[in-house]
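Below: one structure, written as structure tokens.
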Amino acid sequence: MTVPAPDPREVREASLDELSRLGLPLPPAQFPLVWEPGDEIELRPTVEIEARIAVLHLILARCFGMPPQAAMSWLLGSHLVEMVTPPEWQFVMGGKGDHRSFVLHHDALFALAWVLGLSKQLDPTLAVDERLVERLPHIADGETFSHWRTRILAAPQHPADAAALLDLHYCLDWAYLETERGGQRAPGLVDANAIGQRRWALEWAVILRGPYHDEPPGWEEVDLST
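The sequence shown begins at 1 in full-length UniProt numbering and counts up by one.
Structure representation (structure tokens):
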């Protein structure tokens with residue numbers, strides 16, 4: 001469902017109000033908007049987001065001891081092999097790559113779960129809801145991707161709400177990094193890494209359409225440099 005994007009300046013004002021409420025520094029006046037007036041927004045197809053959640057969940061299982069052959073068997077049985085990126089594949093099959101960076105994907109998964117309505121909140125001051133694991137594929141029990149999809153009955157957020165949360169995390173990402181550089185404490189239970197992971201997920205899940213937007217990036221192509 002493609003819809004007109006909300007006014008980016010009104011959304012940004014709300015984001016800055018939230019930063020102020022949290023006692024975080026505000027980005028400079030020239031800090032760019034995420035989209036322009038007249039742009040359109042949509043979410044990626046639900047099944048694509050579900051597949052990304054399932055793959056990230058499998059990667060986390062590998063991080064915490066799942067054998068590579070068991071992981072491969074689950075991917076094959078769930079027909080998700082093609083949804084695994086090359087860096088993820090090297091980690092799943094050979095344990096190659098930055099183990100810590102893959103563990104951090106826990107917060108990216110949390111944000112995607114919010115996009116699909118599997119979690120009711122994505123509060124920057126709160127850690128991942130431990131109850132979320134029950135809404136994820138029961139990989140250890142052999143629950144396949146298709147069975148999981150029928151169990152959860154995803155209810156995606158409205159694109160405008162997801163876009164607003166993307167703008168907030170764009171601002172939060174800058175503010176949390178600035179806070180850490182200044183040697184100050186973050187206002188809640190998560191750090192800049194977690195905020196960055198949540199932003200990564202939202203940048204990927206929310207598709208922006210307009211004259212200044214490129215085609216939607218792949219998971220590994222999401223740019224968090226600005």
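Every residue, glycine too, gets a C-beta built ideally from N, C-alpha and C.
CB contact flag (residue i, residue j, <7 Å)
| i | j | result |
| --- | --- | --- |
| D107 | V11 | no |
| L109 | I59 | no |
| A163 | V206 | yes |
| A155 | G117 | yes |
| A201 | L75 | no |
| C171 | L19 | yes |
| D39 | A5 | yes |
| T2 | E50 | no |
| A93 | V55 | A small fix is needed here, since residue 93 is Met in this sequence, not Ala. In this structure, V55 does not lie closer than 7 Å to M93 by Cβ. |
| L136 | H57 | yes |
| P86 | G97 | no |
| D25 | E178 | For clarity, residue 25 is Pro in the given sequence; the question names Asp instead. For P25 and E178, yes; Cβs fall inside 7 Å. |
| residue 228 | W35 | The first residue shown for the chain is 1 and the last is 226, placing residue 228 beyond what the model contains. |
Whole-Å CB distance - residue i paired with residue j, under 8 Å assumed
| i | j | result |
| --- | --- | --- |
| H158 | R199 | In fact, because the Cβ distance is near 19 Å, the residues do not count as touching under 8 Å. |
| H105 | Q184 | 26 Å between Cβ atoms; not a contact. |
| residue 227 | A175 | Nothing in the structure corresponds to residue 227, since the chain is present only between 1 and 226. |
| A61 | I152 | Contact doesn't hold; Cβ gap of about 18 Å is too wide. |
| P37 | D7 | 7 Å |
Span of the beta strand (DSSP E) around residue i
| i | result |
| --- | --- |
| I207 | 206-209 |
| L43 | 40-43 |
Where the alpha helix (DSSP H) containing residue i begins and where it ends
| i | result |
| --- | --- |
| L75 | 68-77 |
| I59 | 46-63 |
| L132 | Run containing L132: none; DSSP gives neither H nor E here. |
| G94 | 86-94 |
| S101 | 99-115 |
| A14 | 8-21 |
Any C-beta of chain B under 7 Å from that of residue i
| i | result |
| --- | --- |
| A192 | This model lacks chain B altogether, as it is built from one protein chain only. |
Determine contact between the region 118-126 and the region 183-200, defined as no fewer than three beta-carbon pairs at a distance below 8 Å. Contact holds between the region 118-126 and the region 183-200, because three or more Cβ pairs, one in each stretch, are under 8 Å apart.
Taking 8 Å as the cut-off, does the region 135-154 touch the region 77-97 (at least 3 CB pairs, one atom from each stretch)? Between the region 77-97 and the region 135-154, the count of Cβ pairs shorter than 8 Å is three or higher; the stretches touch.
Can you check the region 151-192 for any alpha helix (DSSP H) of at least 4 residues that lies completely inside it and give the ranges in chain order? Assignment of alpha helix (DSSP H) within the region 151-192, counting only whole runs of 4 or more residues, yields 159-181 in chain order.
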